[in-house]
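Note sheet for the following structure.
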Amino acid sequence: MSLPISPLAAPAITAPEALAGASQSNANSFQKMFESAVRNVENSSTQAENAVSNYLSGGTGQELHSTILATQNADLNFQMFMQVRNKVVSAYEEIMKMQV
19 MSLPISPLAA PAITAPEALA GASQSNANSF QKMFESAVRN VENSSTQAEN AVSNYLSGGT
79 GQELHSTILA TQNADLNFQM FMQVRNKVVS AYEEIMKMQV
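Take 19 as the starting number for the sequence shown in this note's numbering and just add one per residue.
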């Protein structure tokens with residue numbers, strides 16, 4: 019009997035809290051948010067690698083569809099991270115073009 023397919027949840031990217039402090043607190047907040055996003059992508063990639071190796075070694079309870087879902091989830095997390103990175107870089111480039 020096969021296990022039911024669990025729904026995919028949207029990756030959690032935490033929005034920065036309303037910052038009223040100095041620029042140092044803004045930098046720390048961005049750094050924490052960035053580290054959290056990188057950790058999320060790394061965790062999903064590790065889970066996908068574990069699922070594939072467990073499936074290939076004939077591990078118990080590992081089915082093909084759950085392995086494929088884990089790899090697709092890791093791929094989507096990475097693609098979303100790259101799109102957010104591209105938007106941040108684009109915004110930075112636009113700010114650098116501004117004349118003060």
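Glycine included, every Cβ here is placed at the ideal spot set by N, Cα and C. Just so you know, these numbers come straight off a predicted model, no measurement behind them.
Query                                                                                             : Result
Option in T64, T85, S63 with minimal Cα separation from Y73                                       : T85
Alpha-carbon to alpha-carbon, V59 and A92                                                         : 7 Å
Run of the alpha helix (DSSP H) containing S108, from where it starts to where it stops           : 82-115
Counted within 10 angstroms of its Cβ, other Cβ atoms place N95 as buried (16 or more) or exposed : buried
Whole-angstrom C-beta distance between A66 and Q80, which should lie under 8 Å                    : With a Cβ gap of about 12 Å, Q80 and A66 do not count as contacting.
Close beta carbons around A27, own chain, < 8 Å, minus the five adjacent residues each side       : none
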